[in-house]
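What follows is a set of notes on a single structure, which appears directly below.
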Amino acid sequence: MNHESRLRPVDLARLSGLSTQQIRNYEDAGVLPPAARTESGYRVFGDVHRRALLTYRALQPGYGPLAATAVMRTLHDGDVPGALALVDAAHAGLHEQRTALRATREALEALATGRTPATTPRTADLGLRIGELAALLGVRTSALRVWEAAGLLTPARERGTRYRQFGPDDIRDARLIQTLRRSHYPLDQIRPVLEELRQQGSTEELRAAVVARGEALAGRTRAMLAGAGRLAEYIEYVEQRVTACGTTPVSSPGRTGRGSGTLRP
144 MNHESRLRPV DLARLSGLST QQIRNYEDAG VLPPAARTES GYRVFGDVHR
194 RALLTYRALQ PGYGPLAATA VMRTLHDGDV PGALALVDAA HAGLHEQRTA
244 LRATREALEA LATGRTPATT PRTADLGLRI GELAALLGVR TSALRVWEAA
294 GLLTPARERG TRYRQFGPDD IRDARLIQTL RRSHYPLDQI RPVLEELRQQ
344 GSTEELRAAV VARGEALAGR TRAMLAGAGR LAEYIEYVEQ RVTACGTTPV
394 SSPGRTGRGS GTLRP
């Protein structure tokens with residue numbers, strides 16, 4: 144702190160357009176590294192806190208506030224590999240959404256051309272049970288039950304056990320419902336879209352939703368790349384401080400590092 148500018152909570156608040164209370168909350172949550180204190184107990188921030196705040200703000204658009212907070216807190220706990228693993232998990236989740244959207248697009252093309260969408264052997268022969276379909280889509284079984292209760296899905300039932308059997312058409316419809324739900328369509332507006340799709344083999348509204356969803360995912364990918372770039376710069380900056388000063392600017396008696404200690408000498 145001796146060789147860098149001293150910043151008050153209000154200075155960081157003005158920099159980011161936040162309240163001073165939010166800055167304090169960020170420190171308490173581990174988004175910012177621990178601040179030094181004056182003899183009278185006032186927080187004193189420095190350049191490392193300014194950089195941490197800018198990094199967090201850069202992560203938020205692509206990763207969301209929860210993941211961004213987890214990344215920064217894990218990093219400030221001294222666990223760089225753990226923070227990077229959280230970044231990887233967010234990218235993997237986005238990839239799964241993109242894969243699901245591709246399957247939806249293929250289902251639409253199959254309907255338009257009269258082809259049968261590609262399915263697994265089990266799907267073609269027996270259908271999927273509710274847990275299997277939920278795992279395939281990455282949703283909870285309760286979501287599928289809600290869609291069924293709303294009349295959007297009508298799976299057959301196995302003889303004897305009465306277990307649900309979701310065939311190729313059900314799987315296709317479930318993918319389409321999932322895409323529309325992610326585009327913030329309420330359930331009562333999805334029914335007419337599906338009915339038109341089943342009757343006409345196509346619907347401009349659904350195609351528009353697929354295109355919009357693809358654009359949203361592309362925008363999120365760009366935001367993730369921007370946030371990851373800022374995060375890489377921040378990690379390098381902190382590690383250089385550790386090397387130069389021999390002490391870590393992110394250590395705190397109240398937070399114990401769980402990782403390899405990359406940010407801890």
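Under our numbering, think of the first position of the sequence shown as 144, with each following residue one higher. Each residue gets a CB set at the ideal place from its N, CA and C atoms; glycine is no exception.
Neighbour-count burial assignment, L209, 16 or more Cβ in a 10 Å radius: Taking the first residue of the sequence shown as 1, we reach residue 209 at position 66. Result: exposed.
DSSP state of A211 mapped onto helix, strand, coil: Taking the sequence shown and counting its residues from 1, the one referred to as residue 211 is at position 68. Annotated three-state conformation of A211 is helix, per DSSP.
Which residues DSSP lists as bridging A299, in chain order: One-based indexing of the sequence shown puts residue 299 at position 156. According to DSSP, A299 shares a beta bridge with Q308.
Secondary structure of V353, DSSP reduced to three states: Here residue 353 corresponds to residue number 210 of the sequence shown, with the count starting at 1. Here V353 sits in helix by DSSP.
Strand pairing of L150, partner residues [DSSP]: For the purposes of this step, residue 150 is taken as residue 7 along the sequence shown, with counting starting at 1. Under DSSP, L150 shares a beta bridge with F188.
Short Cβ contact (8 Å threshold) for L155 with F188: Looking up residue 155 in the sequence shown gives position 12. Looking up residue 188 in the sequence shown gives position 45. Closer than 8 Å, so yes.
Stretch-stretch touch, CB-based, cutoff 8 Å, three pairs: the stretch 185-204 with the stretch 365-385: By the Cβ rule, the stretch 185-204 counts as touching the stretch 365-385, because three or more pairs are nearer than 8 Å.
Through-space distance from V153 to Y377, alpha-carbon basis: Position 234 of the sequence shown, counted from the first residue, corresponds to residue 377. Position 10 of the sequence shown, counted from the first residue, corresponds to residue 153. Using only the alpha carbons, I get a separation of about 22 Å.
Three-state secondary structure assigned by DSSP to L161: Reading the sequence shown from its first residue, position 18 is the one you call residue 161. In this structure, L161 counts as coil in the three-state DSSP scheme.
CB contact flag (L340, L323, <8 Å): The residue labelled residue 340 in the question sits at position 197 within the sequence shown. The residue labelled residue 323 in the question sits at position 180 within the sequence shown. Cβ atoms of L340 and L323: not closer than 8 Å.
Inter-stretch contact (C-beta, 8 Å, three-pair minimum) for the stretch 345-365 and the stretch 269-288: In short, these stretches do not touch, since the Cβ pair count stays below three.
Spatial neighbours of F309 in its chain, beta-carbon cut-off 6 Å, leaving aside the 5 residues before and after: Indexing the sequence shown from 1 puts residue 309 at position 166. Cβ contact annotation for F309 (same chain, cutoff 6 Å, sequence separation greater than five): G270, L271, L276 and P298, in chain order.
Proximity test, Cβ basis, 8 Å: A210 and chain B: The chain inventory of the structure shown lacks chain B, comprising one protein chain alone.
C-beta atoms of G173 and M215 nearer than 8 Å: Along the sequence shown, one-based indexing puts residue 173 at 30. Along the sequence shown, one-based indexing puts residue 215 at 72. For G173 and M215, yes; Cβs fall inside 8 Å.
Proximity winner among R302, G294, R300 and T304, relative to A317 (alpha-carbon distances): Taking the first residue of the sequence shown as 1, we reach residue 317 at position 174. Considering only alpha carbons, the answer is G294.
First and last residue of the uninterrupted alpha helix (DSSP H) at R272: The count along the sequence shown starts at 1 and reaches residue 272 at position 129. Counted as a single uninterrupted DSSP element, the stretch harbouring R272 is not any alpha helix (DSSP H), since DSSP gives it neither H nor E.
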